[in-house]
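Student: Note that my numbering has the sequence shown beginning at 17, numbered continuously upward. Don't be surprised by glycine CBs; every beta carbon is placed ideally from N, CA and C. Below you will find the structure I want to go over with you.
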Amino acid sequence: MLARVNRIVLGNDYRVTVRRGRRSATANVVVSVVSRPSEPTRFGFIVAKTVGNAVTRNLVRRRLKGIAHELLTTDPTGYDVVVRALPAAAQATWPTLLEDVSRSFARGVEKAA
17 MLARVNRIVL GNDYRVTVRR GRRSATANVV VSVVSRPSEP TRFGFIVAKT VGNAVTRNLV
77 RRRLKGIAHE LLTTDPTGYD VVVRALPAAA QATWPTLLED VSRSFARGVE KAA
């Protein structure tokens, strides 16, 4: 589980990140990134009903949280990141999701910098 300092919890923070953030998309996810210098990186997740039923959505969300936990150990600090799962994410494997989120996050960081 992500530590509280690494989670986006306020609706306004989600809105700002999605509306003003730099987006990068793949077939499975859309990642929005906003720079927050000298702050810890925070992740938020959006998994809509179009992804599937509750069991499927929770599976996708848990996978995305695990990927975010891995990214926190290797990637830079100072960003708000919102990962929006697309319907194709329901059939995606762990390695595919990991690659998509990592690549989109890296592209978003480049754009936001």
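Considering just the uninterrupted stretch of the beta strand (DSSP E) at Ser54, what are its terminal residues?
Tutor: Neither: Ser54 is in no beta strand (DSSP E) and is coded neither H nor E.
Student: Quick one: Cα of Lys127 to Cα of Val117, how far?
Tutor: Roughly 15 angstroms between the two C-alpha positions.
Student: Can you find the residues in the same chain that come closer than 6 angstroms, C-beta to C-beta, to Val21, ignoring five residues on each side of it along the sequence?
Tutor: Excluding positions up to five away in sequence, the list reads Pro56.
Student: Is Ser40 buried or exposed, if buried means 16 or more other CB atoms sit within 10 Å of its CB?
Tutor: With 16 or more Cβ atoms within 10 Å of its Cβ, Ser40 is classed as buried.
Student: Quick check: Ser48 and Gly37, are their CB atoms within less than 7 angstroms of each other?
Tutor: Contact flag set, yes.
Student: Mind checking Ser54: buried by the 16 CB within 10 Å criterion, or exposed?
Tutor: Classification for Ser54: exposed.
Student: Whole angstroms is fine: what's the gap from Val125's alpha carbon to Arg35's?
Tutor: So the alpha carbons of these two residues sit roughly 16 angstroms apart.
Student: From Ala84 to Ala101, what distance separates their C-alpha atoms?
Tutor: Taking the straight line from one Cα to the other gives about 13 angstroms.
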